[in-house]
Amino acid sequence: MRKRPDHYSKAPQRAFRYAPQCGSRDYSHREGTSNSEANDSPAPGRPHLWPPWSRWKYRRLYRGDKRKVITAVDTNILLDVILVDDQYGPESRERLRTAYDRGAIIVCDIVFAELVPAFGARDALERALDEIHATLSPITSSIAFEAGSRWMQYRRAGGPRNRIIADFLIGSHALASADTFLTRDRGFYDTYFPEFRSLG
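Quick note on numbering: the sequence shown equals residues 2 to 201 in my numbering.
See below:
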């Protein structure tokens, strides 16, 4: 699991910007849990991301929504909500709700993989993502190449090893695939993905 101290292919003609910033948190230590959608009662200690009436009220097909804004979401934001973090959970939950109201939420393969320890079972993870209407967006070979190039430059410049290539894959995917990026790791992405800062 990546440790983040702060918690691409360039997308041509895409006005990329950050979603509103949250605080900072290291999420490398956590316990796995499971999620159930057998009824509208949340699992013990884990409230619904938003109430059942709200999920029905705002449910829609994004592909037919003319005002769709695509938001890529980082692992730290999702774990704040999934693990009911007392400090950052409420704000991260509200950011997700705002992203949902504005359009579509996507997560890349790396984020999906990093969420596995919080669930254990694949069906539980997929139900949780479905509850927030998050779509899995694959990392293409072009995105992977751009991420590898940026990571190579980072290491050649003496960048510390605590930043692994997964961070660069997530950043490259967000820049290429989304209109906004919801993360608490702004310091890292502002530094190593300057497009985020200039377009934000």
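We treat Cβ as the ideally placed atom computed from N, Cα and C, and that holds for glycine.
Rounded C-alpha distance that separates residue i from residue j
i, j, result
"Trp152", "Thr99", "31 Å"
"Asn163", "Arg156", "11 Å"
"Pro52", "Arg94", "Unreliable positioning characterises Pro52 in this predicted model, as indicated by a pLDDT of 40, which lies under 50. The coordinate reading is nonetheless provided below. Pro52 and Arg94: Cα-Cα distance of roughly 12 Å."
"Gly149", "Ile111", "14 Å"
"Pro91", "Arg103", "19 Å"
"His174", "Ala105", "15 Å"
"Pro161", "Phe120", "30 Å"
"Glu127", "Gln88", "25 Å"
"Lys69", "Thr136", "14 Å"
"Gly188", "Ala125", "32 Å"
Paired residues, beta bridge with residue i - DSSP
i, result
"Thr136", "Ile107"
Residue i vs residue j beta-carbon contact at 7 Å
i, j, result
"Ile107", "Ser138", "yes"
"Phe182", "Ala73", "yes"
"Leu170", "Ile140", "yes"
"Ile71", "Leu97", "no"
Near the ligand ZN: residue i beta-carbon under 6 Å from a heavy atom
i, result
"Gly121", "Among the components modelled here there is no ligand, and therefore nothing to report on the ligand ZN."
Please confirm if the stretch 83–90 is in contact with the stretch 188–195, defined as three or more CB-CB distances below 8 Å between the two stretches.
no
What are the start and end residues of each continuous alpha helix (DSSP H) run of 4 or more residues lying completely inside the stretch 117–177, in chain order?
123–132 and 142–157
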